[in-house]
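Asker:
In our numbering, the protein residues as written are 99 to 378.
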């Protein structure tokens, strides 16, 4: 089994090495961390409940009107597809399937085969594993592609030998004046450093199985702490979604008859809302 694990790790290193964009960004990060508007706004207002109130003076978001539309589509399991206003397409927790979409960027996590693939479509320009396939330390992604900025915050995962450091990543996508976060296969509560690294999130994608990942109470705590305007459940098995919704008493609930959601800074709900898209 140990030999098999080493072989798999080596194969990851060959097949899932960070893209050229990501490698360049990682080197640049050592000199000068690319600016994250989601972090900058959050750090300027410690302890505040964050809301999208200012549309100007926001770096990548500057000079962009608040009605630029981002589309988010639930595909399967923990895969959402994000389409930026400029036409960049991102597939989260990509396991080789993104529906009818041809992504420009895919993010992946290591915990299970339903969250990554050893054979991503070679035509995908940017493949971002949420762990370092070489085992050298945490994955570090700082990627600009068109009107999208993607970064990650590493977290740990459970393994056969205990907790494995940096095996998961929370990916944050900044586009169209929005900060969008995907918790991946999160296994533990977040630290103050994690919250600081994440910053403010308008939209949060949350695994709600309550068993394979962090408990539903823990996920509810994170969603409440981040006070995102929209929470999108994912990674649900056969348990009723109400078990998660019961942990979110301060959030409104909307059930949609479509797998897609279109949103802009101006259309974010005033009350924090859990939106259950078709198929979840």
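The beta-carbon is built from N, C-alpha and C at its ideal position, and this holds for glycine as well. This structure is a prediction, so every number in the text was calculated from the model and none was measured.
Just how far apart, CA to CA, sit residue 215 and residue 252?
Answerer: Approximately 19 Å, taken between the alpha carbons.
Asker: By DSSP's criteria, residue 178 is part of a beta bridge. Which residues make up the other side?
Answerer: Residue 178 pairs with 172.
Asker: Can you name the start and end residues of the beta strand (DSSP E) that residue 294 belongs to?
Answerer: First-last for residue 294: 290-296, but that is the alpha helix (DSSP H), not the beta strand (DSSP E).
Asker: Cα separation between residue 169 and residue 224?
Answerer: In a straight line, the C-alpha of residue 169 is about 20 Å away from that of residue 224.
Asker: Would you grab the beta carbon distance between residue 277 and residue 270 for me? Rounded to a whole angstrom, and I think it's under 8 Å.
Answerer: Contact flag correct, Cβ pair sits at about 7 Å.
Asker: Is it true that the CB of residue 320 sits closer than 9 Å to the CB of residue 281?
Answerer: Taking 9 Å as the Cβ cut-off, residue 281 and residue 320 qualify as a contacting pair.
Asker: State the CB to CB distance for the pair residue 322 and residue 292, rounded to an integer number of angstroms; the pair is presumed to be in contact (CB under 8 Å).
Answerer: With a Cβ gap of about 15 Å, residue 322 and residue 292 do not count as contacting.
Asker: Would you decide whether residue 238 is buried or exposed? Buried here means 16 or more other CB atoms lie within 10 Å of its CB.
Answerer: So residue 238 counts as buried.
Asker: Alpha carbons only, please: which of 342, 324 and 369 is nearest the one belonging to residue 289?
Answerer: Cα-wise, what sits closest to residue 289 is 324.
Asker: State the DSSP-derived secondary structure class of residue 281, mapped to helix, strand or coil.
Answerer: Three-state DSSP puts residue 281 in coil, outside helix and strand.
Asker: Is residue 172 near residue 189, with beta carbons less than 9 Å apart?
Answerer: It is not a contact, given that the beta carbons lie outside the stated cut-off.
Asker: Let me make sure I understand the geometry here. Which of 243, 339, 174 and 377 has the alpha-carbon closest to that of residue 202?
Answerer: Answer by Cα proximity: 243.
Asker: Which word fits residue 143, buried or exposed, when buried means at least 16 other C-beta atoms lie within 10 angstroms of its C-beta?
Answerer: Summary for residue 143: the model assigns pLDDT 44, below 50, so the residue's position carries little reliability, and this model does not support an answer.
Asker: Out of 134, 206 and 326, which one is the CA nearest neighbour of residue 231?
Answerer: It is 206 whose Cα lies nearest to the Cα of residue 231.
Asker: Whole-angstrom Cβ separation of residue 339 and residue 374, contact assumed at under 8 Å?
Answerer: That belief holds up - the Cβ atoms of residue 339 and residue 374 are roughly 6 Å apart, short of 8 Å.
Asker: Do the CB positions of residue 167 and residue 274 come within less than 9 Å of each other?
Answerer: A contact, by the Cβ cut-off of 9 Å.
Asker: Kindly list the residues whose CB is nearer than 6 Å to the CB of residue 351, restricted to its own chain and excluding five residues on each side of it in sequence; keep chain order.
Answerer: So the list reads 343 and 372, once near-sequence residues are dropped.
Asker: So, at 6 Å on beta carbons, what are the nonlocal neighbours of residue 194 in its own chain, with the 5 sequence-adjacent residues on each side left out?
Answerer: Excluding positions up to five away in sequence, the list reads 215.
Asker: Under 8 Å by Cβ, that's how I've got residue 176 and residue 305 pegged, so tell me the actual separation to the nearest angstrom.
Answerer: Right, the Cβ-Cβ distance comes to about 6 Å (below 8 Å), so this counts as a contact.
Asker: Go through its chain and collect everything with a Cβ distance to residue 326's Cβ below 7 Å, but skip five positions before and after it.
Answerer: Excluding residues within five positions, the ones whose Cβ falls inside 7 Å are 299, 300, 301, 302 and 370.
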